[in-house]
Amino acid sequence: MALYVNTNVMSLNAQRQLMNSGNSLDTSFKRLSSGFRINSASDDAAGMQISNRLTGQINGLDQGIRNANDGISLAQTAEGALDEMTAMFQRVRTLSQQAANGTNTDEDRLAVQEEIRSLVSEVNRVATDTTFGGQNLLDGTYQASFQVGADAAQTISFSMREVGGTAAGNSLTANGGFTLSGIAGAASTVTGKALHGAPSVGVIGTAQQATLSALDSAYTASDTYASVFTETGISVSSQVGAQLVMAGMDALIAVVDKKRAELGAVQNRFQSTIRNQSNISENLSAARSRIKDTDFAQETANLTKMQILQQASSSILSQANQRPQVALSLLG
Numbered sequence: 000m001a002l003y004v005n006t007n008v009m010s011l012n013a014q015r016q017l018m019n020s021g022n023s024l025d026t027s028f029k030r031l032s033s034g035f036r037i038n039s040a041s042d043d044a045a046g047m048q049i050s051n052r053l054t055g056q057i058n059g060l061d062q063g064i065r066n067a068n069d070g071i072s073l074a075q076t077a078e079g080a081l082d083e084m085t086a087m088f089q090r091v092r093t094l095s096q097q098a099a100n101g102t103n104t105d106e107d108r109l110a111v112q113e114e115i116r117s118l119v120s121e122v123n124r125v126a127t128d129t130t131f132g133g134q135n136l137l138d139g140t141y142q143a144s145f146q147v148g149a150d151a152a153q154t155i156s157f158s159m160r161e162v163g164g165t166a167a168g169n170s171l172t173a174n175g176g177f178t179l180s181g182i183a184g185a186a187s188t189v190t191g192k193a194l195h196g197a198p199s200v201g202v203i204g205t206a207q208q209a210t211l212s213a214l215d216s217a218y219t220a221s222d223t224y225a226s227v228f229t230e231t232g233i234s235v236s237s238q239v240g241a242q243l244v245m246a247g248m249d250a251l252i253a254v255v256d257k258k259r260a261e262l263g264a265v266q267n268r269f270q271s272t273i274r275n276q277s278n279i280s281e282n283l284s285a286a287r288s289r290i291k292d293t294d295f296a297q298e299t300a301n302l303t304k305m306q307i308l309q310q311a312s313s314s315i316l317s318q319a320n321q322r323p324q325v326a327l328s329l330l331g
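Using numbering that gives the first Met the number 0, the first residue of the sequence shown is number 0, and each one after it goes up by one.
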């Protein structure tokens with residue numbers, strides 16, 4: 000075997016192997032200290048691109064879940080206010096039934112009238128003052144879309160501008176929102192009972208007209224519009240008026256309950272969206288983890304191997320550097 004002094008091939012080989020094991024050892028240190036298999040594009044260019052794309056989608060899904068929860072909170076706020084309106088309408092109905100009883104004098108009915116007016120004023124105040132983040136929910140203007148998906152245009156929308164669809168008669172915007180008059184205005188389309196206007200056809204059925212005529216000989220079917228469902232117009236000061244209010248309250252309650260049902264449905268839709276996107280986010284996170292995260296079992300084994308190889312390369316390099324000294328014995 001030839002013996003060279005100027006070029007120690009075995010030393011060069013040992014140096015190269017030591018450099019390779021050192022680089023692999025550095026990579027293992029980075030992966031174990033960061034927890035990521037991919038710490039730079041050079042580690043896995045394609046994997047980095049795929050994992051970043053998955054990260055964007057996961058972040059979008061998680062933000063969409065938060066947005067959907069905000070939508071639920073908003074819908075619950077509106078539905079809670081409408082629930083209180085229902086309770087007040089039920090109380091007005093009970094009071095009108097009390098006023099319709101023949102044991103009451105006109106003075107008694109006026110006392111009942113005061114409480115009804117107070118309740119109606121509170122209904123209108125709730126419609127004016129119910130807000131969420133500075134936005135009024137019940138004034139007939141609220142309409143919004145909620146970005147619940149990870150990508151553009153993946154939204155859920157709902158509106159407080161109408162009840163039971165977008166038909167012109169269902170609109171609450173023109174009537175002042177969920178005020179007494181606004182709800183009464185939508186009642187004609189939603190329930191088929193016109194609660195104000197001239198005349199309020201359908202508030203009292205044809206079969207009951209004779210009963211009201213017996214209570215007040217001056218009453219005619221065209222007088223049904225006299226019970227105007229507004230804050231200042233609603234009246235139980237007479238038996239006939241009390242009967243009309245009692246009949247009309249059923250339609251008002253039906254309108255509010257219709258909108259509450261819509262709000263309940265959209266809350267359930269948000270909940271379904273949250274469950275679905277939580278599942279998608281979980282599975283995408285698992286896929287990203289397989290690409291980007293460090294497998295500590297595998298990387299620890301690789302670290303141990305590289306440490307042994309580095310020690311071995313160092314020892315071999317030391318011996319390889321001693322080999323040219325053999326030439327001195329030949330010169331002796």
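The C-beta atom is built at its ideal place from N, Cα and C for all residues, glycine as well.
In this text, all values refer to a predicted model and were calculated from it rather than measured experimentally.
Identify every residue that forms a DSSP beta bridge with residue i.
{"i": "I49", "result": "Answer is none; I49 lacks a bridge partner."}
{"i": "D138", "result": "Per DSSP, none; premise fails for D138."}
{"i": "F145", "result": "I155"}
{"i": "S33", "result": "Beta-bridge pairing links S33 to no other residue."}
{"i": "E161", "result": "S170"}
Tell me the DSSP secondary structure of residue i in three-state form.
{"i": "I155", "result": "strand"}
{"i": "T129", "result": "coil"}
{"i": "A225", "result": "Summary for A225: the model assigns pLDDT 49, below 50, so the residue's position carries little reliability; its value from the coordinates is reported in the next sentence. In this structure, A225 counts as helix in the three-state DSSP scheme."}
{"i": "E230", "result": "coil"}
{"i": "S39", "result": "coil"}
{"i": "D61", "result": "helix"}
{"i": "D335", "result": "Because residue 335 is not part of the residues shown, which for the chain are 0 to 331, the question remains open."}
{"i": "N5", "result": "coil"}
{"i": "L194", "result": "coil"}
{"i": "T93", "result": "helix"}
{"i": "A213", "result": "helix"}
{"i": "I119", "result": "The residue asked about is misnamed: residue 119 is Val in this sequence, not Ile. Helix, per DSSP."}
{"i": "A19", "result": "Sequence inspection shows Asn at residue 19; the Ala mentioned does not correspond to that position. Helix at N19."}
{"i": "G79", "result": "helix"}
{"i": "L11", "result": "helix"}
{"i": "N103", "result": "coil"}
{"i": "Q309", "result": "helix"}
{"i": "G70", "result": "helix"}
{"i": "G175", "result": "coil"}
{"i": "V202", "result": "coil"}
{"i": "V235", "result": "coil"}
On the DSSP letters alone, give me the boundaries of the alpha helix (DSSP H) that residue i sits inside.
{"i": "A246", "result": "Q238 to K291"}
{"i": "Q324", "result": "From DSSP, Q324 is part of no alpha helix (DSSP H); its letter is neither H nor E."}
{"i": "V189", "result": "L179 to T190"}
For residue i versus residue j, is the C-beta spacing smaller than 7 Å?
{"i": "T88", "j": "I252", "result": "Note that residue 88 is Phe in the sequence shown, not Thr. Contact flag set, yes."}
{"i": "G139", "j": "T190", "result": "no"}
{"i": "I273", "j": "A74", "result": "no"}
{"i": "Q134", "j": "S158", "result": "no"}
{"i": "A213", "j": "S95", "result": "no"}
{"i": "V254", "j": "A185", "result": "yes"}
{"i": "G345", "j": "A149", "result": "Because the chain in this structure spans residues 0 to 331, residue 345 falls outside the shown range and cannot be described."}
{"i": "A315", "j": "A13", "result": "One detail in the question is off: residue 315 reads as Ile in this sequence, not Ala. Yes; because the gap between Cβ atoms is below 7 Å, this pair is in contact."}
{"i": "V111", "j": "A99", "result": "no"}
{"i": "K291", "j": "S50", "result": "yes"}
{"i": "T54", "j": "F131", "result": "no"}
{"i": "G70", "j": "F269", "result": "yes"}
{"i": "L136", "j": "T129", "result": "yes"}
{"i": "S180", "j": "T229", "result": "yes"}
{"i": "S27", "j": "L329", "result": "no"}
{"i": "V91", "j": "M248", "result": "yes"}
{"i": "R355", "j": "E298", "result": "Coverage of the chain is limited to positions 0 through 331, which leaves residue 355 absent and any answer about it impossible."}
Within 7 Å (strictly less), CB to CB, does residue i reach chain C?
{"i": "G132", "result": "Annotation note: the requested chain C is absent from the structure, which comprises a single protein chain."}
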